[in-house]
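Written below as structure tokens is the structure these notes are about.
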Amino acid sequence: MNPKMPAINESSNTANLSGFSWVEGAEKKMWSIINNPVDALLLPIARIILILFLTYVALRFTGKLIDRIFQLKRIDRKKALTLSKLIKSFARYAIYFVAALTLLFNIGIDPTPVLASAGILGLAIGFGAQNLVRDLISGFFIIFEDQMEVGDYVQINGKISGTVEEIGIRVTKIREWNQRLHYLSNGEIHHVANYNRVQMRPLVSVTVPYESDAERVERILNEVCEEIGRRYAPHLVEKPSIYGVTDLGESGVQYTLMALSHPDQYWLIERELRRAVVIAFQKHAIEIAYPRRVLQPPNNGNSEGNEKTPG
């Protein structure tokens, strides 16, 4: 071999050949478009537009069909809304998947080798997808056990409180009162406190000073309970009543009012009970207790002040 002759790089030749083959393929494609634009260009574009249009129609039709099916079935509104959103999500992903495969075949890309290697690839990444599997299993049990439904007011893990907007196989959406939307992985949901199950017990506590007449206070509270019971009878399972004296605190005597209501009216009954108590106490000149101190003057020449706190 002549040392003055440049060495032949086989890898560079291969790269050049592959580059030339790509150029040749592009040139053949261009010539086919020039010679037969209908078959080489217009028909593929028309097929792509048709696929996109059919995908759009399938999405709209599937959504309306699912809604129609759940309207015909006699299922609870919240449960129907939960299941319909879940099925729509499955259908949407399936339609997108089929449309993507059809488009790839139409533009000349064969996804079969990629799909064939998906099993090996899935096995390789499966060891790192434990959280995903945990979310899927947890989501299945949340739906299967009916822990919550769309529209329920819940508290998650003792931290996040809000209305359920969507329950998915992997993620649950909770919207707070201030409209912040939380996306929670189902595997992170360990405790669910549901405020929309069968019935709820409104509890309202009110404290009056020790100097108040106990019998008079109880009589007025009974009148409040009767008034709320008449006004909101359709929303109540049990009418409001006085539970009794529930605490003797530093500032006074605490009475607790209770009722049993439908879950959707739980906060309404509590608000109206508090409002009625305030109005009744103002009408009958009864004070609501608050922290206070009474300073007494020194007795028998004692220069040091005597400070007392009632109760």
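The opening residue of the sequence shown carries number 15 in this note's numbering; numbering runs sequentially from there.
Just so you know, even glycine gets a beta-carbon here, dropped at the ideal spot from N, CA and C.
Quick check on the DSSP output: the beta strand (DSSP E) that includes residue i runs from which residue to which?
i: GLY258; result: 250-262
i: LEU56; result: Looking at the DSSP string, LEU56 is not in any beta strand (DSSP E), and its letter there is neither H nor E.
i: ARG189; result: 185-189
i: SER275; result: 267-275
Is residue i buried or exposed, if buried means 16 or more other CB atoms sit within 10 Å of its CB?
i: PHE158; result: exposed
i: PHE154; result: exposed
i: GLU252; result: exposed
i: LEU97; result: buried
i: ILE203; result: buried
i: ILE170; result: buried
i: VAL259; result: exposed
i: GLU24; result: Only weak support exists for where GLU24 lies, its pLDDT of 46 falling under 50; the coordinates are left without a value.
i: GLU286; result: buried
Please name the residue, chosen from the options, that lies closest to residue i on a Cα-to-Cα basis.
i: PRO277; options: ILE170, THR260, LYS173, ASP166; result: ASP166
i: ALA113; options: THR270, LYS78, PHE67; result: PHE67
i: GLU264; options: GLY172, PRO223, ALA105, ASN236; result: PRO223
i: HIS249; options: GLU179, TRP281, ILE256; result: TRP281
i: ARG211; options: MET272, MET162, ALA290; result: MET162
i: HIS298; options: TYR269, ILE188, ARG233, GLY201; result: ARG233
i: GLU241; options: GLN268, LEU56, ALA273, LEU100; result: ALA273
i: ASN236; options: ILE256, THR260, LEU73; result: ILE256
i: GLY266; options: ARG306, GLN279, VAL291; result: ARG306
i: GLY172; options: ARG82, ASN208, LYS187, GLN310; result: ASN208
i: GLN193; options: ARG184, GLU179, HIS205; result: GLU179
i: ARG74; options: ILE83, LEU56, ARG106; result: ARG106
i: LEU115; options: THR69, LYS99, GLN85; result: THR69
i: VAL220; options: SER103, LYS93, TYR304, PRO312; result: TYR304
i: PHE104; options: LEU117, PHE119, ILE80; result: ILE80
i: ILE174; options: TRP191, VAL164, LEU100, ILE183; result: TRP191
i: VAL164; options: ALA94, THR76, LEU262; result: ALA94
i: LYS102; options: PHE119, ARG82, ILE302; result: ARG82
i: LEU150; options: PHE119, ILE183, GLY176; result: ILE183
i: ILE156; options: ALA60, ARG244, PHE111, LEU100; result: LEU100
i: ARG244; options: TYR269, GLN268, ALA228, ALA290; result: ALA290
Let's see if you can read the secondary structure: which residues bound the alpha helix (DSSP H) around residue i?
i: TYR280; result: 280-297
i: VAL231; result: 228-245
How is residue i classed by DSSP in three states: helix, strand or coil?
i: LYS173; result: coil
i: TYR12; result: In the structure as shown, the chain starts at 15 and stops at 325, and residue 12 therefore has no counterpart that could be examined.
i: ALA303; result: coil
i: HIS205; result: coil
i: VAL159; result: Just to set this straight, residue 159 is Glu in the shown sequence, not Val. Three-state DSSP puts GLU159 in coil, outside helix and strand.
i: GLU179; result: strand
i: VAL220; result: strand
i: GLN193; result: coil
i: GLN310; result: strand
i: VAL71; result: helix
i: VAL112; result: helix
i: VAL164; result: coil
i: SER25; result: Residue placement at SER25 cannot be trusted, given a pLDDT of 45 that sits under 50; what the coordinates show is reported in the next sentence. If DSSP states are grouped into helix, strand and coil, SER25 belongs with the helices.
i: PRO17; result: In this predicted model, PRO17 has a pLDDT of only 48, less than 50, meaning its place in the structure is not dependable; the value taken from the coordinates is given anyway. In the structure shown, PRO17 sits in coil (DSSP, three-state: anything other than H, G, I, E or B).
Measure how close the beta-carbons of residue i and residue j come, nearest whole angstrom, since I'm counting them as under 8 Å.
i: ARG288; j: VAL218; result: 6 Å
i: GLN213; j: SER152; result: At roughly 28 Å, the Cβ-Cβ gap does not stay under 8 Å, so GLN213 and SER152 are not in contact.
i: SER226; j: ILE300; result: 6 Å
i: ILE109; j: ALA72; result: 5 Å
i: TYR246; j: ILE283; result: 6 Å
i: TYR197; j: VAL185; result: 5 Å
i: CYS239; j: PRO254; result: 4 Å
i: ILE181; j: VAL168; result: With 8 Å as the limit, ILE181 and VAL168 do not qualify as a contact, their Cβ atoms being about 11 Å apart.
i: LEU117; j: ILE65; result: 6 Å
i: GLY201; j: ARG148; result: 4 Å
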